[in-house]
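>
Residue numbers (this note's numbering), protein chains in the order written: chain E, 2 to 268; chain X, 2 to 268.
1. Can you grab the Cα-Cα spacing for the pair residue 80(E) / residue 108(X), in whole Å?
2. Could you please tell me which residues of the segment 126–141 of chain E, in chain order, have their CB closer than 9 Å to any CB of chain X?
3. Entirely within the segment 7–68 of chain X and at least 4 residues each: give me those alpha helix (DSSP H) ranges in chain order.
4. Apart from the five residues on each side of it in sequence, which residues of its chain come closer than 6 Å, Cβ to Cβ, to residue 23(E)?
5. So, does the CB of residue 101(E) fall closer than 7 Å to a CB anywhere in chain X?
6. State the CB to CB distance for the pair residue 150(X) and residue 165(X), rounded to an integer number of angstroms; the pair is presumed to be in contact (CB under 8 Å).
7. Run through chain E and tell me which residues come within less than 8 Å of residue 171(X), C-beta to C-beta.
8. For residue 114(E), which residues in chain X fall below 9 Å Cβ to Cβ?
9. If you draw a straight line from the alpha carbon of residue 68(X) to that of residue 191(E), how long is it in whole angstroms?
10. Quick one: does residue 98(E) have its CB under 7 Å from some CB of chain X?
11. Tell me which residue opens and which closes the alpha helix (DSSP H) that residue 126(E) is part of.
12. Helix, strand or coil for residue 183(X), going by three-state DSSP, please let me know.
13. For residue 92(E), which residues does DSSP report across the bridge?
14. When the Cα of residue 211(E) is compared with those of 10(E), 259(E), 238(E) and 219(E), which residue comes out closest?
15. Alpha helix (DSSP H) containing residue 251(E): first to last residue?
16. Excluding the 5 residues flanking residue 26(E) on each side, which residues of the same chain have their C-beta closer than 8 Å to its C-beta?
17. Short of 6 Å in beta carbon distance, which residues of its chain neighbour residue 78(X), apart from the five on each side in sequence? Order them along the chain.
18. With respect to the alpha helix (DSSP H) encompassing residue 3(E), which residues constitute its N-terminal and C-terminal limits?
19. Cβ of residue 107(X) less than 7 Å from any chain E Cβ?
20. Does residue 121(X) have its Cβ less than 7 Å from a Cβ in chain E?
21. Is residue 244(E) helix, strand or coil when you go by DSSP?
22. Just the C-alpha distance for residue 180(X) and residue 137(X), rounded to the nearest angstrom, thanks.
23. Give a yes or no on whether the minimum CB-CB distance between residue 64(E) and chain X is below 7 Å.
24. Please state if the CB of residue 172(X) and the CB of residue 142(X) are separated by a distance shorter than 7 Å.
25. If you draw a straight line from the alpha carbon of residue 29(X) to that of residue 169(X), how long is it in whole angstroms?
26. Grab me the residues of residue 182(E)'s own chain with a C-beta within less than 8 Å of its C-beta, minus the 5 sequence neighbours each way, in chain order.
27. Is the CB-CB distance between residue 54(E) and residue 256(E) below 7 Å?
28. What residues in the segment 161–191 of chain E have a beta carbon less than 8 Å from any beta carbon of chain X?
29. Round the Cβ separation of residue 160(E) and residue 167(E) to the nearest angstrom and send it over; I've been treating them as touching at under 8 Å.
30. Within the chosen definition, does the segment 244–256 of chain X reach the segment 214–229 of chain X through at least 3 CB pairs nearer than 8 Å?
31. Please check the pair residue 187(E) and residue 128(E), which I expect to be a contact at CB under 8 Å, by giving their CB distance rounded to whole angstroms.
32. Determine, using beta carbons only, whether residue 148(E) comes closer than 7 Å to chain X.
33. Assign residue 104(E) to buried or exposed, taking buried as 16 or more other Cβ atoms, counted over all protein chains shown, within 10 Å of its Cβ.
34. Give me the DSSP bridge partner(s) of residue 139(E).
35. By the criterion of Cβ-Cβ separation under 7 Å, what are the contact partners of residue 67(E) in chain X?
36. Using beta-carbon positions only, say whether residue 184(E) and residue 196(E) come within less than 7 Å of one another.
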């Protein structure tokens with residue numbers, strides 16, 4: 002999906018909501034567990050319920066890999082089920098030497114039809130470059146993450162600026178705002194103004210709203226740009242809004258609540 | 002596998018060779034492609050041919066993911082086929098917020114029987130910790146990698162020392178030399194003495210010998226400690242030593258050549 006198509010989808014739905022499919026068999030409604038493929042059945046119901054309000058779905062690959070081959074199958078079925086006009090993210094945090102990153106790009110952009118993949122920046126340019134070579138596909142590189150561990154390295158100072166600032170500045174030179182986004186955690190609201198000075202036009206994928214406590218209002222106020230430039234992710238707060246037979250309608254209500262709030266922030 | 006068992010295996014085989022199974026259907030001998038599972042058939046032949054000289058096998062997950070569900074199946078069959086007295090590494094470069102890293106640990110340590118997994122340090126302590134909670138299992142954290150991109154961040158200076166040095170120092174405090182190793186590329190020989198000052202007792206996983214040009218002699222001279230403390234990986238140089246019907250015996254010869262050279266360095 003191109004930047005233009007993504008912006009159109011956001012404008013048309015008045016939403017920049019990404020729903021995170023961190024689907025854990027231990028947390029989904031019990032009645033689904035007797036189905037032949039409970040993970041996919043759950044995801045299908047969540048997608049059907051939330052697709053009017055979401056412009057993106059983020060599949061957290063760890064939860065699927067934890068289920069082995071069945072999990073990988075459920076991931077494939079899920080990404081293939083997502084409507085083509087909704088942006089798809091493999092939240093996989095991959096990155097390795099060039100010939101290996103090329104294989105990851107093949108896995109997620111050719112074998113699976115994801116629009117984008119999250120990428121760890123530690124190993125530098127040749128670990129990111131292979132993800133930038135597919136027209137209409139995106140690398141979403143870790144900038145400043147939402148977790149406590151962000152303090153260990155990302156927020157440390159390196160050659161006059163913090164590591165995450167160096168990462169944003171440096172990585173932005175490897176691609177364009179048409180094939181690169183950055184992950185910035187919603188819990189890092191104090192840094193958003195600064196981040197927009199470094200990368201004014203790039204889209205940001207913002208996890209950490211909901212279960213992790215980030216504020217949608219603050220993010221939207223500090224980080225929205227003239228093309229919106231935000232995909233705000235909620236995972237647990239939407240998909241586990243309820244764990245009875247009403248789970249899908251509860252997820253729909255929660256997704257709609259985010260969309261309604263987002264609508265008020267869109268300029 | 003415990004540290005003690007690993008050291009015993011190294012002493013008993015006079016080898017610290019890790020064979021990297023970066024198995025690419027485009028590079029394996031053509032006659033295997035008609036088998037129902039060419040990747041596993043290739044790996045099985047390579048393992049049978051090299052197991053006398055290798056103390057570890059490293060499965061590069063990217064190459065398996067690039068083949069989709071069939072690849073994940075081949076990975077599972079391969080790791081289950083590797084003899085239990087040989088150390089297994091999922092070269093997966095994973096790492097995410099705590100609840101997600103826990104799922105990756107489950108994927109590679111419970112669903113699959115790997116002894117260890119490579120982990121990216123960027124997201125800090127809670128992204129690494131879940132891998133350290135399994136007795137006899139290991140996190141192998143990226144320190145200084147073998148690729149050109151290492152210059153982009155890893156070798157930059159941060160609060161008085163280079164990023165990779167900060168990573169070694171900081172991450173070493175999160176575990177012990179019984180559950181943590183570090184990746185240091187063979188192409189970084191000039192840094193090995195310095196690395197041993199920071200982490201004198203930890204095992205190092207050293208890729209980059211062979212196709213990437215690192216010197217086994219230099220690594221062994223600068224980085225071996227009294228428990229050997231090294232797993233030196235060769236992937237392409239061993240597994241693609243020949244691509245005719247003789248590929249397995251060519252791989253065996255190449256593995257044996259490394260082992261013979263290693264034997265002369267072991268103190």
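Glycine residues also receive a C-beta, built at the ideal position from the N, C-alpha and C atoms.
Reading it off the structure:
1. 20 Å
2. 126, 127, 128, 129 and 130
3. 39–51 and 62–66
4. 61, 64 and 236
5. yes
6. 12 Å between Cβ atoms; not a contact.
7. 153 and 154
8. Under the 9 Å cutoff, chain X gives no residues; its nearest Cβ is about 11 Å from residue 114(E).
9. 42 Å
10. yes
11. 126–129
12. strand
13. 61(E)
14. 238(E)
15. 248–266
16. 34, 39, 40 and 68
17. 41
18. Neither: residue 3(E) is in no alpha helix (DSSP H) and is coded neither H nor E.
19. yes
20. yes
21. coil
22. 7 Å
23. yes
24. yes
25. 36 Å
26. 117, 139, 140, 141, 142, 203, 204, 205, 206 and 232
27. yes
28. 164, 167, 168 and 171
29. 7 Å
30. no
31. Going by Cβ atoms, the distance from residue 187(E) to residue 128(E) rounds to 26 Å, so no, they are not a contact pair.
32. yes
33. buried
34. 117(E)
35. 104, 107, 108 and 112
36. no
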